[in-house]
Amino acid sequence: DGGITQSPKYLFRKEGQNVTLSCEQNLNHDAMYWYRQDPGQGLRLIYYSQIVNDFQKGDIAEGYSVSREKKESFPLTVTSAQKNPTAFYLCASSTRPNEKLFFGSGTQLSVL
Amino acid sequence: AQSVTQLGSHVSVSEGALVLLRCNYSSSVPPYLFWYVQYPNQGLQLLLKYTSAATLVKGINDFEAEFKKSETSFHLTKPSAHMSDAAEYFCAVSEAGGSYIPTFGRGTSLIVHP
């Protein structure tokens, strides 16, 4: 089945640690996105990529980094510079940005 | 610049009653508009999408939304609520000025009482 897979489902970060969230899709989509979800704040865009080896910052990119070395993969690293990383992180993909987004099931990141 | 406002962080209805979830958008050009649903601890799923082909858009599970340009609104309705409709609902806008990257509203939590 085609879809988008996020792992792990739950992740814990220690002080000063970088952690990486995985996002893989087998839908052959060009565009991929990372959103952060906090209660009552909706989805806020962290980074997006419209093509391999290219990505752009979203509204809240500070403290995060991404790579897009393969079409199917778009990992997100939460760095130690992100002082409030506790949130639900959602990865999505689409054929083009104005088309339907397909979402993964999310990763809940918490701080120890 | 594009933006989305969802009125009401929570909406409570009785089972069988009409569901109305409000969405107003701000866009300098004709936008694409979407409604997504999110069940607890899951990703979002598309309910319906407006692409200018018709102002009344029908989606899955008997949901529909009407695009009203004069009111810059795209409200979501369902004639009769079911317990399984309890979820978080998000409106999103996509337009050329924002490189078509979707902007989401803050979401509305639909509560359905028996």
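Sequences listed follow chains A and B, in order. Just so you know, we're using my numbering here: the first sequence kicks off at 1 and counts up by one. Just so you know, we're using my numbering here: the second sequence kicks off at 1001 and counts up by one. Don't be surprised by glycine CBs; every beta carbon is placed ideally from N, CA and C.
CA nearest to the CA of residue i, picked from the options
i: residue 102/A; options: 74/A, 25/A, 7/A; result: 25/A
i: residue 31/A; options: 18/A, 97/A, 110/A, 105/A; result: 97/A
i: residue 1075/B; options: 1096/B, 1017/B, 1028/B, 1050/B; result: 1050/B
i: residue 1028/B; options: 1081/B, 1108/B, 1018/B, 1069/B; result: 1069/B
i: residue 1080/B; options: 1007/B, 1108/B, 1045/B, 1114/B; result: 1114/B
i: residue 109/A; options: 94/A, 86/A, 99/A; result: 86/A
i: residue 1083/B; options: 1057/B, 1019/B, 1067/B; result: 1019/B
i: residue 93/A; options: 15/A, 75/A, 83/A; result: 75/A
i: residue 1041/B; options: 89/A, 77/A, 99/A, 100/A; result: 89/A
i: residue 79/A; options: 39/A, 8/A, 53/A, 17/A; result: 17/A
i: residue 1089/B; options: 1017/B, 1015/B, 1034/B; result: 1034/B
Sequence-distant residues of the same chain with beta carbon closer than 8 Å to residue i, five excluded per side
i: residue 1101/B; result: 1094
i: residue 60/A; result: 36, 44, 45, 46
i: residue 1085/B; result: 1019, 1061, 1078, 1110, 1112
i: residue 1057/B; result: 1048, 1049, 1050, 1064, 1065, 1066, 1067
Residues near residue i in its chain [Cβ-Cβ closer than 7 Å; skip 5 each side]
i: residue 1039/B; result: 1087
i: residue 51/A; result: 30
i: residue 111/A; result: 13, 85, 86
i: residue 1045/B; result: 1036, 1037
i: residue 1008/B; result: 1022, 1108
Contacts of residue i in chain A (Cβ-Cβ under 7 Å)
i: residue 1144/B; result: An answer regarding residue 1144/B cannot be provided, because it is not within the stretch 1001 to 1114 covered by chain B.
Same chain only: Cβ atoms within 6 Å of residue i, ignoring 5 sequence neighbours per side
i: residue 81/A; result: 63
i: residue 1098/B; result: 1002
i: residue 1006/B; result: 1023, 1091, 1105, 1106, 1108
i: residue 95/A; result: 29
i: residue 1017/B; result: 1081
Distance CB(residue i)-CB(residue j) smaller than 8 Å
i: residue 1025/B; j: residue 1072/B; result: yes
i: residue 1013/B; j: residue 1021/B; result: no
i: residue 105/A; j: residue 1043/B; result: yes
i: residue 1106/B; j: residue 41/A; result: yes
i: residue 33/A; j: residue 91/A; result: yes
i: residue 1077/B; j: residue 1096/B; result: no
i: residue 35/A; j: residue 21/A; result: no
i: residue 1048/B; j: residue 1067/B; result: no
i: residue 65/A; j: residue 23/A; result: no
Partners in chain B for residue i, counting only beta-carbon separations shorter than 8 Å
i: residue 100/A; result: 1034, 1046, 1049
i: residue 97/A; result: 1094, 1099, 1100, 1101, 1102
i: residue 90/A; result: 1043, 1044
i: residue 106/A; result: 1041, 1042, 1043
Within chain A, the residues that residue i reaches when beta carbons sit closer than 8 Å
i: residue 1090/B; result: 42, 43
9 Å Cβ cut-off: residues of chain B touching residue i
i: residue 76/A; result: What residue 76/A touches in chain B: nothing, since even the nearest Cβ is about 15 Å away.
i: residue 12/A; result: Those within 9 Å of residue 12/A in chain B number zero; the least Cβ separation is about 17 Å.
> Taking a cut of 8 Å between CB atoms, which residues from the region 1035-1062 of chain B lie near chain A?
Replying inline: 1036, 1041, 1042, 1043, 1044, 1045, 1046, 1049
> When Cβ atoms are compared, which residues of the region 29-55 of chain A fall closer than 7 Å to chain B?
Replying inline: 40, 41, 42, 43, 45, 48
> Which residues, in chain order, does the region 54-74 of chain A contribute to contact with chain B at a C-beta distance below 7 Å?
Replying inline: none
> Which residues, in chain order, does the region 1095-1109 of chain B contribute to contact with chain A at a C-beta distance below 7 Å?
Replying inline: 1099, 1100, 1101, 1102, 1104, 1105, 1106, 1107
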